[in-house]
Amino acid sequence: NQLSFDSTLGTLLPSYPSSEARDQVKVHHLLTMTSGIPDLFRVPEFWTGIAAIKTPKDFWKYFATSPLQFPPGTQWAYSNSNFLLLGAIIEKQTGRAFTSVVEEQVFLPLGLTNTGYEVNSSRKPALGYTRTPGAGGPSDSARWVPAWEEPKPGEDFVVGSPMGGGYSTVEDLAKFAEALIGNRLLGREMTDRVLSGYIDAEYGGRDGYGFETRHINGVKMDGHRGALAGSSNQVEFYPDLGYVLVVLGNTDSGTEDIAGHVRSLLTSSTPTKLSR
Numbered sequence: 116n117q118l119s120f121d122s123t124l125g126t127l128l129p130s131y132p133s134s135e136a137r138d139q140v141k142v143h144h145l146l147t148m149t150s151g152i153p154d155l156f157r158v159p160e161f162w163t164g165i166a167a168i169k170t171p172k173d174f175w176k177y178f179a180t181s182p183l184q185f186p187p188g189t190q191w192a193y194s195n196s197n198f199l200l201l202g203a204i205i206e207k208q209t210g211r212a213f214t215s216v217v218e219e220q221v222f223l224p225l226g227l228t229n230t231g232y233e234v235n236s237s238r239k240p241a242l243g244y245t246r247t248p249g250a251g252g253p254s255d256s257a258r259w260v261p262a263w264e265e266p267k268p269g270e271d272f273v274v275g276s277p278m279g280g281g282y283s284t285v286e287d288l289a290k291f292a293e294a295l296i297g298n299r300l301l302g303r304e305m306t307d308r309v310l311s312g313y314i315d316a317e318y319g320g321r322d323g324y325g326f327e328t329r330h331i332n333g334v335k336m337d338g339h340r341g342a343l344a345g346s347s348n349q350v351e352f353y354p355d356l357g358y359v360l361v362v363l364g365n366t367d368s369g370t371e372d373i374a375g376h377v378r379s380l381l382t383s384s385t386p387t388k389l390s391r
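Take the sequence shown: its letters are residues 116 to 391, numbered as in our numbering.
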């Protein structure tokens, strides 16, 4: 099937269980978090059954039969399920695993040698620490504990998926952001489309295609942020100024405070544009 931003979910993934979503949800809705498809992270059964997930499609049972939360395109609601389905569309179109497509199309061309989904045993990522062990468990503000156990040899649990689970470094994420705003990852027209805000979001900006967009004191900012037990991150770039900001942490929170401080410095007055 030909792929476009207006393609429906049913055209691209005819086996998707919900006929309501098949008929109404488009690729544009998935990219902008306006599909109305529930977030599997908000389903308690997902967290109790996560160890049994072996393939990307195993995630579907936690959200794919649920009714839409609102008519597609009318509201914004962050849902990891959207990007699981975008990854499934890529796999259906290419006949290959999502992770291998991203490695070939993004990581290798940009020289992101410290970014991937398969952990190199000689250079393991930092272990994350949390004050809230387990999903929704009690929080202990006085004690940090490991957020996860290191994978054992032979385990086939799905770590990397279209909604996350990869690893990277500050340097590689900066390379990615610079390539994107420099039109080296996508053409200028597509880059502009990806970084345009389409709908008001609860973080105070407007969602683009996988990126948050904001204007602060007239300064355009794009990027993405995320947090989970044992990790928090902020990636922000300022296309008109030439700055890229990356803050990574191996705890539940804290990066937003650092990023917020730097953001206030960058947007309080217009800095001199950098050459790179």
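Glycine included, every Cβ here is placed at the ideal spot set by N, Cα and C.
About 17 Å separates the Cβ atoms of Leu301 and Val350, ruling out a contact at the 8 Å cut-off.
The residues Val140, His144, Pro187 and Asn197, in chain order, have a CB closer than 6 Å to that of Ser150 in the same chain once the five nearest residues on each side in sequence are set aside. Here Tyr318 is exposed. Its C-beta has fewer than 16 other C-beta atoms within 10 Å.
Here Gly364 carries a strand assignment [DSSP, helix/strand/coil].
Rounded to the nearest angstrom, the Cβ distance from Phe352 to Asp337 is 6 Å, consistent with a contact under 8 Å. In the DSSP assignment, Phe291 falls outside any beta strand (DSSP E) and within the unbroken alpha helix (DSSP H) covering Val285 to Ile296.
DSSP places Leu201 in the uninterrupted alpha helix (DSSP H) bounded by Asn195 to Thr209. A distance below 6 Å between beta-carbons, with the five flanking residues on each side excluded, links Asn229 to the following residues of its chain, in chain order: Thr284 and Asp287. Around the Cβ of Phe185, a 10 Å sphere holds fewer than 16 other Cβ atoms; the residue is exposed. Around the beta carbon of Gly341, fewer than 16 other beta carbons sit within 10 angstroms, so the residue counts as exposed. Between Ala292 and Val359, the beta carbon gap of about 4 Å places them in contact (Cβ cut-off 8 Å). Boundaries of the alpha helix (DSSP H) around Thr370: Thr370 to Ser383. Membership of Ser346 in any alpha helix (DSSP H) is not indicated; the residue belongs instead to the beta strand (DSSP E) covering Ser346 to Tyr353.
When beta bridges are read from the DSSP output, Lys335 appears opposite His330.
Between Gly279 and Leu343, the CB-CB gap stays under 9 Å. Apart from sequence neighbours up to five positions away, the residues of its chain that approach Ala374 with a beta-carbon distance below 8 Å are Arg340, Gln349, Glu351, Leu360 and Val362, ordered along the chain. Between the alpha carbons of Ala203 and Asp173 lies a distance of about 11 Å. Assignment of Ala342 by DSSP, reduced to helix, strand and coil, places it in the strand class.
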